[in-house]
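Below: the structure, in structure tokens.
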Amino acid sequence: MQTYNAVLLPYYRILDVDITANFDDIKKKYRELARLYHPDLNKSRHATELMQSINEAYRKIAAHFGG
0 MQTYNAVLLP
10 YYRILDVDIT
20 ANFDDIKKKY
30 RELARLYHPD
40 LNKSRHATEL
50 MQSINEAYRK
60 IAAHFGG
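Residue numbers are given in numbering that gives the first Met the number 0: position 29 of the sequence shown equals residue 28, and the series is strictly consecutive.
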């Protein structure tokens, strides 16, 4: 079981997952958000910015899990 890192809290919030979520649940939520906010699929003028935040959050959390 991974330990929680308080520095990662903002990233968990961006992905809208609980700090106790396992990596499979985090990956599932990331993919769900990517389908919603990817600029190729979402024509909102904020889609690129949102997707960048989602990608960064996922990368930071994945690194914590060793991925």
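Ideal Cβ positions, reconstructed from N, Cα and C, are used throughout, including at glycine.
Rounded C-beta distance between residue i and residue j? I'm assuming under 8 Å.
i, j, result
"Ala46", "Tyr57", "That belief does not hold up - the Cβ atoms of Ala46 and Tyr57 are roughly 16 Å apart, past 8 Å."
If we ignore side chains and look at the alpha-carbon of each, how far apart do residue i and residue j end up?
i, j, result
"Ser114", "Thr19", "Nothing about residue 114 can be read from this structure; the chain reaches only from 0 to 66."
"Ala62", "Asp39", "26 Å"
"Lys59", "Tyr29", "12 Å"
"Glu55", "Asp24", "17 Å"
"Met50", "Ala33", "7 Å"
"Phe22", "Phe64", "7 Å"
"Tyr10", "Asn4", "11 Å"
If you drop the 5 nearest sequence neighbours on each side, which residues of the same chain put their C-beta closer than 6 Å to that of residue i?
i, result
"Asp17", "none"
"Leu8", "none"
Go ahead and pull the three-state DSSP assignment for residue i.
i, result
"Val6", "helix"
"Ala62", "helix"
"Ala20", "coil"
Give every residue of the same chain whose Cβ lies closer than 8 Å to the Cβ of residue i, excluding the five residues on either side of it in the sequence, and list them in chain order.
i, result
"Ser52", "Ile13"
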